[in-house]
Amino acid sequence: MFVVTMLQLLLLLLLLLSISLDVSHLIAEAAAAAKPPVSFSFNFSDPSTYSLDDLLFEGDAAKPKDGLVDLTSGRSCYPYCPAGRMSYAHPVQLYDDTTGGEKVVVASFSTRFTFTIRPIDDGIRGDGLAFFLASYPSKLPANSFGGNLGLINNGTTTAFGSDRFIAVEFDTYNNTFDPKSINHIGIDINSVVSSLNTTLLPNFSLNGTMTAHIEFNGITQMLVASLWLAGRPWSAAPDYQVSLRLPDPITSLLLPQVAVGFTGATADLKELNQIMLWSFNSTLTLVNQGT
């Protein structure tokens, strides 16, 4: 009887060990399959903080040099230089609509970046830069120079389908469709002709090295952009803000997975639009769209 009892105990221990190993294997597989929310912090003066494999450059944008990413080169082109884009090379989950009939889960995200706008000469310059969310992978629209800011094709007033975008623009030129100010920040949805909300800035204030912080609350769908002008410390209150509650449902605006990044453009007038630092954090993990 004693031998049988010991044998049973041994078999029970082996069974428990087998179950434990199976569970551990499943947990390990699940952990490997799960992708963490997107989070990065790039300092383009420090190559150890970024990899070129994580960045996509389009049009006039150039890879980091001397601690800067040039979105626009300031070179002479005929008739116009192409716009330039730098974006994160991997998709970002804006919302999850695969919850099996449950309410769509919308990500919250924040991004902070330090950027420089410098005129080529002392005269009027243009046209500015923007932070954008658009279809993944990023695709720079053709003929999106000048006031189109690399967001939309010239002559097109509204973007549709895979060309849709949400952007915060830092505009340095007063186009005919712009508000009556040379400099302004605005929130754009599928159009640069009619910004949904705009904050006017003093003329030529978008100059030098500045910092911006953009935050989106996935629950309230409120998008808030804050700007610190040159010489203002990050610890101080922002100089200017612009905000907008995005239209509901967000599923009507963009696809679940988006590209995020920066775009800049010039036309007859030239300037350098440069990114120095960029951090981005999101709350939603990447969802396998094939499931």
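Heads up: the sequence shown begins at 1 in full-length UniProt numbering, then just goes up one per residue. No residue lacks a Cβ here, since even glycine has one placed at the ideal position from N, Cα and C.
A Cβ-Cβ separation of about 5 Å places Asn197 in contact with Leu244 under the 8 Å criterion. Spatial neighbours of Ala267 in its own chain (CB-CB distance under 7 Å, excluding positions within 5 residues in sequence) are listed in chain order as Tyr80, Gly126, Asp127, Phe145, Gly146.
At the C-beta level, Phe262 and Leu129 come within 7 Å of one another.
Here the alpha carbon of Leu206 sits roughly 39 Å from the alpha carbon of Asp97. Distance from the Cα of Gly74 is smallest, within the candidate group Phe40, Glu58, Ile117, Ser108, for Ile117. Straight through space, the alpha carbons of Ile275 and Phe42 are spaced by roughly 10 Å. The residue among Ser51, Leu269, Tyr95, Glu102 with its C-alpha nearest the C-alpha of Phe216 is Tyr95. For Phe115, the beta-bridge partners assigned by DSSP are Met210, Ile275. Shown here, Gly186 sits in a strand according to DSSP, grouped into three states.
The beta carbons of Ile166 and Ile185 sit no closer together than 7 Å. Less than 7 Å separates the beta-carbon of Leu56 from that of Ser138. Residue pairing from DSSP places Gln241 in a beta bridge opposite Ser226.
Taking a C-beta distance under 7 Å as the contact criterion, Phe131 and Val105 do not qualify as a contact pair. Ser135 places its beta carbon 7 Å or farther from that of Leu223. When DSSP states are grouped into helix, strand and coil, Asp163 belongs to the helix group.
Closest option to Gln221, judged by alpha-carbon separation, among Gly84, Phe109, Thr99, Ser45: Phe109.
With contacts defined by Cβ atoms closer than 7 Å, Asp60 and Pro82 form a contacting pair. Going by DSSP, Tyr173 is part of no beta strand (DSSP E) at all; its letter is neither H nor E.
Secondary structure within the stretch 74-145: the beta strand (DSSP E) runs of 3 or more consecutive residues, fully enclosed, are 84-88, 109-119, 128-135 (chain order). By the neighbour-count definition (other C-beta atoms within 10 Å, threshold 16), Leu52 is an exposed residue. The three-state reading of DSSP puts Asp54 in helix, counting H, G and I together. By a beta-carbon distance limit of 8 Å, Asp46 does not contact Ala89. Their separation comes to about 19 Å. Judged by DSSP secondary structure, Leu201 falls within the beta strand (DSSP E) whose first and last residues are 197-201.
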